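First comes the structure, then the notes that go with it.
In the working numbering, the protein residues as written are 76 to 391.
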């Protein structure tokens, strides 16, 4: 069924014939400010297909030219020890020449009415970098009430020796896990002897450096939480291959330097860890981090930062 609109576009279900146009729009939609990054992947559904239940919609013009796309999935989240089924919207892309025409808002409304609500996924969320005000505005227009939950991405170059500081703080409330044992995921992750999970994000997508602002020499890149002058800037044209850590605890955090070395030997140049601002994980690792990059969970359900919350690593 096609959602009819009188705005010069219509929303239709994703078809394989849309693939190349969607990937081209994604290549045109660089992310970042001081360092512009291009997403590189073979399929627009590379993230969505990692979930057991997912969908995608596309906006097309009267000539069926692709203008935008979005994906969504049923994603489990653990809140205060209880696993909940929620709706996760992600990978929203709009042709740069077609922005500010209401397409993104229509895509968000489409997901809610044609995927989330029919499946009973009344709690819905997405994740956004803190500076993405355009997307925050879009979501606020599409939903009556939304709530923000802040967390950080810590990025570590595997080529550098990593240090883990002692911390006397209590166990962190925010964590990352993998709530699926589907066979199709076995190629994307591994678990160390100490229980640390390695989600190989670079097998889902990679980031290519398109441009770097010259003022960054010797300074900050990819973040805005703090600046350390002994950091280096990635070269234009280089590719960032990243692994995301999950199942990290204060009991196994001391093994991270060995994990980082292992990844370096495998040719993976970056490792990322998510935590709350100023929690025990942050204090133990922030001195070795290349940066701390603020993100939000934008949710229709209010989330208390003091209440334990665990996000599925496929949502990062």
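Glycine included, each C-beta is placed from N, C-alpha and C at the ideal position. Owing to the predicted nature of the structure, the values given are computational and were not obtained by experimental measurement.
For the pair residue 148 and residue 198, the Cα-to-Cα distance works out to about 12 Å.
Excluding residues up to 5 positions away in sequence, 260, 264, 272, 274, 321, 322, 387, 388, 389 lie with their Cβ nearer than 8 Å to the Cβ of residue 253 in the same chain.
Following the DSSP letters along the chain, one finds residue 129 inside the beta strand (DSSP E) bounded by residues 129–135. Taking the Cβ atoms as the reference, residue 245 lies roughly 7 Å from residue 355, within the contact range of under 8 Å. When rounded, the separation of the alpha-carbon atoms in residue 155 and residue 351 is 16 Å. Residue 203 sits away from residue 134, with the two beta carbons spaced by 8 Å or more. In the DSSP assignment, residue 339 falls within the alpha helix (DSSP H) that extends over 331–340. Bridge partners of residue 370 according to DSSP: 204, 226.
Counting every other CB atom within 10 Å of its CB across the protein chains shown gives residue 326 a total below 16, marking it as exposed. In the DSSP assignment, residue 161 is bridged to 150.
Taking a 10 Å sphere around the C-beta of residue 241, we find fewer than 16 other C-beta atoms and assign the residue as exposed.
In the DSSP assignment, residue 232 forms a beta bridge with 345. Where residue 273 is concerned, the enclosing beta strand (DSSP E) starts and stops at 272–274. Here the region 179–193 makes contact with the region 209–225; the two share three or more CB pairs at distances below 8 Å.
Excluding the 5 residues flanking it on each side, residue 239 has same chain C-beta neighbours closer than 8 Å at 328, 329, 331, 332, 359, 360, 363, in chain order. The DSSP-derived three-state label of residue 385 is strand.
Under the three-state reduction of DSSP output, residue 246 falls in the coil class, being neither helix nor strand. If you draw a straight line from the Cα of residue 146 to the Cα of residue 370, it is about 19 Å long.
Taking a contact as a CB-CB distance under 8 Å, the pair residue 284 and residue 112 counts as one, their CB atoms being some 6 Å apart.
Take residue 338, set aside five residues on each side of it, and the residues of its chain with a beta-carbon closer than 7 Å to its own are 233, 318, 346, in chain order. Distances from the CA of residue 176 to each of 384, 82, 341 were compared; the closest alpha carbon is that of 82.
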